[in-house]
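Undergrad: Structure in structure tokens, see below.
In full-length UniProt numbering, the protein residues as written are 1 to 295.
Set out below in structure tokens:
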């Protein structure tokens, strides 16, 4: 594995001599705009291995993406190579359909400490709830970014990550909508503690997510990528393009239904992904067709 090869993969060619916040932010943004959040391997008959070399080969050399376990694992390696003080954490994502956080840990995120200040760095959530910059780990502080306003809330050692929702404008619809309005219009994302984790702690989860028929990653073939203006999301045969801040407090959403042939072309044109094995798109009925509201 070579850090320069990783930099080429994410098109990063700036100075990285200082392990400071600006360098971290630059590398992070290049990472999320080059490496898609995707679970296509399990819908191509491929096994997802969680060891670092396999992840590196898949994402860097084969120019694929990965889910949180892969993308954040690779990012943690890259940041360690640059001298950052980094720690892997485990999270429990919020399931809107159940109105609760998952009982078991099912997400990986990173804590980076710079000059004594802790930041949360997470390149593996995907969709409309992907932060674009490292977030200060401080409770109750609004942290505005292009995708929206993020914040952490802490309660007795447990941290809650959330985002203020914005309205979505879909040109085909006459009235803008917001997903499942709640008091305060807050979207819960996940909860976590500061207990240090190791990648081995996620091996059982990595296996479970690939074989369990009940989780959303089995029910949907997903590929999302952050762009300079918003995001692309391909779920099954549904391609969604979102542009942030179309108008004040509102994002514009374009939704297109694709054929099997168009799915393959869209993966190449929009996500720079060429699969080795044939993809069988999946989008189980009864679930939202795109990731605007679910991820």
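Virtual Cβ for every residue (Gly too), placed ideally from N, Cα, C.
Put residue 133 into one of helix, strand or coil per three-state DSSP.
TA: coil
Undergrad: Let me check understanding here. Comparing Cα to Cα, which of 194, 140, 78 lies closest to residue 123?
TA: Among 194, 140, 78, the Cα nearest to that of residue 123 belongs to 78.
Undergrad: From which residue to which residue does the alpha helix (DSSP H) around residue 218 run?
TA: Counted as a single uninterrupted DSSP element, the alpha helix (DSSP H) harbouring residue 218 occupies residues 216 to 219.
Undergrad: Counting only the same chain and skipping the five closest in sequence on each side, list residues whose C-beta sits under 7 Å from that of residue 102.
TA: 92, 93, 95
Undergrad: Kindly list the residues whose CB is nearer than 8 Å to the CB of residue 291, restricted to its own chain and excluding five residues on each side of it in sequence; keep chain order.
TA: Because residue 291 sits at a pLDDT of 48, beneath the cut-off of 50, its placement in the model cannot be relied upon, and the point is left open.
Undergrad: Under the rule that 16 or more other beta-carbon atoms within 10 Å means buried, what is residue 248, buried or exposed?
TA: exposed
Undergrad: DSSP three-state label for residue 237, please.
TA: coil
Undergrad: Hey, quick one: how far does the alpha helix (DSSP H) through residue 125 stretch, first residue to last?
TA: From DSSP, residue 125 is part of no alpha helix (DSSP H); its letter is neither H nor E.
Undergrad: In angstroms with no decimal places, state the Cα-to-Cα distance between residue 208 and residue 44.
TA: Inter-residue distance for residue 208 and residue 44 is about 17 Å (C-alpha atoms, whole angstroms).
Undergrad: Tell me the rounded alpha-carbon separation between residue 84 and residue 259.
TA: 44 Å
Undergrad: On a CA-only basis, which of 97, 80, 279, 227 is nearest residue 113? Give me that one, please.
TA: That would be 80, whose Cα lies nearest to the Cα of residue 113.
Undergrad: Taking 8 Å as the cut-off, decide whether the C-beta atoms of residue 68 and residue 196 are in contact.
TA: The answer is no: Cβ separation not under 8 Å.
Undergrad: May I ask which residues mark the beginning and end of the alpha helix (DSSP H) holding residue 9?
TA: If you look at residue 9, you'll find it in the alpha helix (DSSP H) that goes 3 to 9.
Undergrad: Of the residues 141, 280, 171, 29, which one's Cα is nearest the Cα of residue 160?
TA: Of the candidates 141, 280, 171, 29, the one whose C-alpha sits nearest the C-alpha of residue 160 is 141.
Undergrad: Taking the beta carbon of residue 73 as the centre, do at least 16 other beta carbons fall within 10 Å, making it buried, or is it exposed?
TA: Residue burial annotation: residue 73 is buried, with at least 16 other C-beta atoms found within 10 angstroms of its C-beta.
Undergrad: Label residue 181 either buried or exposed according to how many other C-beta atoms from any shown protein chain fall within 10 Å of its C-beta, with 16 as the threshold for buried.
TA: Confidence is the limiting factor: at residue 181 the pLDDT is only 42, short of 50, which leaves the residue's position unreliable, though a coordinate-based value still follows. The residue is exposed, with fewer than 16 neighbouring Cβ atoms inside 10 Å.
Undergrad: Just the C-alpha distance for residue 58 and residue 167, rounded to the nearest angstrom, thanks.
TA: 36 Å
Undergrad: Assuming the contact rule is C-beta atoms closer than 8 Å, residue 275 and residue 40 should be a hit. Round their C-beta distance to whole Å, please.
TA: 7 Å
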